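Scroll down for the structure; my scribbles are underneath it.
2 protein chains.
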Amino acid sequence: MMSSMSNKIEMYLKVMLDRASNGVIEVQRSELADIFDCVPSQINYVLGTRFTPAHGYKVESRRGGGGFLRIIRLNFEPDTDFQHLFEEIIGEELSQNQGEGLIERLFQEGVLTKREKLILKQICSMSFFNRLGLEDQEFLRAKIIQAALATVMREDL
Amino acid sequence: MMSSMSNKIEMYLKVMLDRASNGVIEVQRSELADIFDCVPSQINYVLGTRFTPAHGYKVESRRGGGGFLRIIRLNFEPDTDFQHLFEEIIGEELSQNQGEGLIERLFQEGVLTKREKLILKQICSMSFFNRLGLEDQEFLRAKIIQAALATVMREDL
DNA sequence: GATAATAAGGTCAGTAATGGTCAGGGGTGA
DNA sequence: TCACCCCTGACCATTACTGACCTTATTATC
């Protein structure tokens with residue numbers, strides 16, 4: 193059930209982003225918290241767990257009077273970002289949440305098919321990972337996505 | 193002889209699955225335990241003994257607030273090659289050669305696309321594996337192929 | 001200008017709400 | 001007796017939510 197408050201807030205923001213022509217929206221944290229009847233810091237929780245760079249979003253903000261949150265959907269330029277992603281983001285370590293976010297994003301961008309997305313998500317969430325230390329888990333996730341990307345990037349397919 | 197509680201829970205879930213249009217249901221463990229007046233862990237027992245890939249089902253879950261169990265029916269009949277395949281590789285360990293052979297076979301049988309085959313081979317030959325002991329390596333390979341196979345057989349794809 | 005008041009948003013530790021695991025007890029039939 | 005289910009409960013792991021306290025920007029006042 194996708195019905196936790198965090199999920200609702202996430203969907204609400206994504207609908208707003210879809211409606212915005214340029215993939216950028218600005219909202220006020222306190223106003224959003226009012227709409228969903230939650231504490232303001234819950235908004236930060238949602239942003240921190242669902243709108244990270246790995247998920248394909250960037251968040252900017254400003255405090256004080258006239259403050260705001262600006263959520264930017266990063267657009268994916270296949271020719272440049274693909275290579276960039278492969279080399280830089282994925283060389284690091286990925287939490288499960290970030291890994292799934294990245295896989296989902298690659299699907300949204302048409303890089304992976306739905307089946308491939310589900311296979312990779314499944315592999316990245318295998319219980320086997322629990323045997324490993326946290327660092328190894330995150331490294332392995334990164335390597336798995338990297339391996340998949342390396343294959344998908346091949347030109348002879 | 194009275195049907196055991198596990199049998200009742202099993203039937204209940206299978207009726208729900210029949211009613212669901214796409215062979216997928218989501219339930220809450222604690223809610224189900226409440227309905228049958230049993231401890232929550234009994235639900236895990238039922239899932240672990242009756243809803244495995246070898247039985248033609250796959251279970252995904254999420255912990256924490258808003259958590260759930262998702263039961264997915266797989267798209268193959270009992271007593272077919274696929275069932276035997278699952279039984280074969282469950283709990284087994286696969287050398288790199290065996291792993292690649294199995295992946296190749298699944299491709300030949302039309303279960304995996306060419307891209308999926310290459311992705312899985314790439315993953316199974318990652319250098320990361322060298323950090324692990326031989327036993328872990330082989331176990332991980334088996335788990336990866338199981339995960340991919342179970343995913344690809346989902347009814348809702 | 002300098003300063004105080006006001007109006008945002010940020011952080012983090014703690015609590016609540018889920019599901020997972022495992023060792024063990026209790027039947028039941030061969 | 002022994003093997004095999006079924007069932008339980010204590011303890012663990014993960015995700016969601018809250019509130020107290022902190023930082024920064026703008027605006028009003030002197």
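Protein sequence lines, in the order shown, are assigned to chains S and L. Note that my numbering gives residue 196 to position 4 of the first sequence, counting from 1, and the numbers run on in steps of one. Note that my numbering gives residue 340 to position 148 of the second sequence, counting from 1, and the numbers run on in steps of one. Note that CB positions come from ideal geometry on N, CA and C, so glycine has one too. Bear in mind the structure is a predicted one, so any value in this text is a computation, not a measurement.
For the segment 320 to 348 of chain L, the set of positions with a beta-carbon nearer than 8 Å to some beta-carbon of chain S reads 320, 323, 328, 331, 332, 335, 336, 339, 340, 342, 343, 344 and 346 in chain order.
Taken in chain order, the whole alpha helix (DSSP H) runs of length 4 or more contained in the segment 228 to 287 of chain S are 232 to 242 and 270 to 276. Not a single C-beta of chain L is nearer than 9 Å to the C-beta of residue 267 of chain S. Judged by beta-carbon spacing, residue 340 of chain L lies beyond the 9 Å limit of residue 292 of chain L, meaning their Cβ atoms are not closer than that value.
Taking 9 Å as the upper bound on Cβ-Cβ separation, chain L lies near residues 196, 197, 198 and 199 of the segment 196 to 210 of chain S. For residue 258 of chain L, the nearest beta carbon of chain S is closer than 9 Å to its own beta carbon. Residue 346 of chain L sits in a strand when the DSSP states are folded into three classes.
DSSP, reduced to helix, strand and coil, places residue 301 of chain S outside both helices and strands of the structure shown, so it counts as coil.
Here the alpha carbons of residue 259 of chain S and residue 310 of chain S stand approximately 39 Å from one another. For residue 197 of chain L, the enclosing alpha helix (DSSP H) starts and ends at 197 to 211. Among the CB atoms of chain S, one or more fall inside 9 Å of the CB of residue 308 of chain L.
Shortest Cα-Cα distance from residue 337 of chain S to any of S/326, S/323, S/299 and S/237 involves S/299.
Judged by beta-carbon spacing, residue 264 of chain S lies within the 9 Å limit of residue 252 of chain S, meaning their Cβ atoms are closer than that value. At a cut-off of 9 Å between beta-carbon atoms, residue 272 of chain S makes no contact with chain L. Looking from the CA of residue 255 of chain L, the closest CA among L/222, L/324, L/274 and L/208 belongs to L/222. Shown here for residue 202 of chain S: same chain residues with a beta carbon closer than 7 Å to its own, the five before and five after excluded, namely 238 and 242 in chain order. Considering only beta carbons, no part of the segment 225 to 248 of chain S lies closer than 9 Å to chain L.
Annotation for residue 232 of chain L: 221, 222 and 225 place their beta carbon closer than 6 Å to its own, counting only its chain and skipping 5 residues before and after.
Chain-order list of chain S residues neighbouring residue 314 of chain L: 339, 340, 342 and 343, by C-beta distance under 8 Å. Taking 9 Å as the threshold, the shortest C-beta distance from residue 295 of chain L to chain S does not fall below it.
The alpha-carbon separation between residue 331 of chain S and residue 316 of chain S amounts to approximately 11 Å. Straight-line measurement puts the Cα of residue 312 of chain S at about 14 Å from the Cα of residue 320 of chain S.
Residue contact with chain L for residue 311 of chain S: present (Cβ-Cβ distance below 9 Å to some residue of chain L).
Nearest C-alpha to residue 346 of chain L among L/282, L/234 and L/267: L/267.
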